[in-house]
Ligand SMILES: [Fe+2]
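Residue numbers (the numbering used here): 22 to 410.
Encoded structure:
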């Protein structure tokens, strides 16, 4: 989506005959979004992607959530979550969700033996630890620690870890996009944006898999699920072009906007999605006013739930959090630096913290797994001296 990409062999015009060396026709596929009216790509397959041999039920357990009541700030120690499943999809454990976004953790130790296709919205994967490759019909997308991977709705993919991979997964109900404020009237990233087109990695197209057989694609669409058995290997693409494809962006490439005084979270925006705004806090110099207070002010975001995922470094303004912690600061619930954090921050010139955030504009609910790993005392963590109960 960031910009036009052309990969492999494509004919000189769209929608014309494009022939294989043996004289047969390649199968053109339009990979489009919002019907035919938003970003799209054209793919050329060895064989049609439509040859479906069988469709079976996929009894995917539905994520169950309960309201954040009594409404309060929460801290989830997600490192404690274990899954018996070994691949990147089956090991997903939903933690927080609403109609716009579902947030899960996943721990992939083995490759997926099947493909997966979410046709209900884009997915955003954040790689906390591990490396590997995501195979898609657009090619292979290598991933490493601190990558954001944007997977457009409809992409057929499977995660093939080279090392145990821990990731945070955001399943959106719509498109995950570059914030409008970073783009000029033609869509190009502006000079003032904290990233540039070169920072985004497109998939590398591999030689097409020339194979027929029975290939499993697990399909999900807004709670409706099915297993498709298709005759032609999904990665039989000889070329594609367009604006819609999976891509990677590493947080090392993010050039944070800093200032004389504290910059609010929107200065650190990375992506937008329906009902959700994503930010990243990366190592950066602190504010340079001689009297600047580096840590954030107290606030209560009355319009949104704030979900921070702590990746690495010293989380100066948060007491008790650790790598893999999630804090949910609920709409209207006051929060800010914990006692002593302001004083401790004075005079500091930089931070090494890495954390990613999503703000949601509808209330988030919690899963049972989230409640099981909750630090239930978190909401008291701003109290100067813990009050004896
Ligand atoms: Fe906040």
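Idealized CB from N, CA, C, for every residue including glycine.
Bear in mind the structure is a predicted one, so any value in this text is a computation, not a measurement.
| Query | Result |
| --- | --- |
| Within 8 Å, do at least three Cβ pairs link the stretch 387-395 to the stretch 87-95? | yes |
| Measuring only from the beta carbon, is residue 327 closer than 6 Å to any heavy atom that is part of ligand 1? | yes |
| With a CB to CB cut of under 7 Å and the five nearest residues on each side skipped, what residues in its chain are close to residue 224? | 157, 159, 160, 161, 162, 266, 267 |
| Taking a contact to mean a Cβ-Cβ separation below 7 Å, would you say residue 277 touches residue 305 in this structure? | yes |
| Terminal residues of the continuous alpha helix (DSSP H) containing residue 247? | Not the alpha helix (DSSP H): residue 247 falls in the beta strand (DSSP E), residues 245-253. |
| If you draw a straight line from the C-alpha of residue 130 to the C-alpha of residue 146, how long is it? | 16 Å |
| Between residue 115 and residue 194, is the Cβ-Cβ spacing less than 7 Å? | no |
| Could you pull out every unbroken alpha helix (DSSP H) segment of at least 4 residues lying fully inside the stretch 99-158, listed in chain order? | none |
| Quick one: what's got a C-beta closer than 6 Å to residue 180's C-beta in the same chain, skipping five residues either side? | 109, 129, 133, 155 |
| For residue 264, which of 357, 316, 58, 78 has the nearest alpha-carbon? | 58 |
| Alpha carbon to alpha carbon, how far is residue 74 from residue 240? | 15 Å |
| So, helix, strand or coil for residue 239, using DSSP? | strand |
| In three-state terms, what does DSSP make of residue 225? | strand |
| With DSSP as the reference, identify every bridge partner of residue 299, one or two as the case may be. | 292, 379 |
| Spatial neighbours of residue 215 within its chain, please: C-beta separation below 7 Å, excluding the five flanking residues on both sides. | 275, 276, 277, 278 |
| Under the three-state reduction of DSSP, which class applies to residue 367: helix, strand or coil? | coil |
| With DSSP as the reference, identify every bridge partner of residue 76, one or two as the case may be. | 249 |
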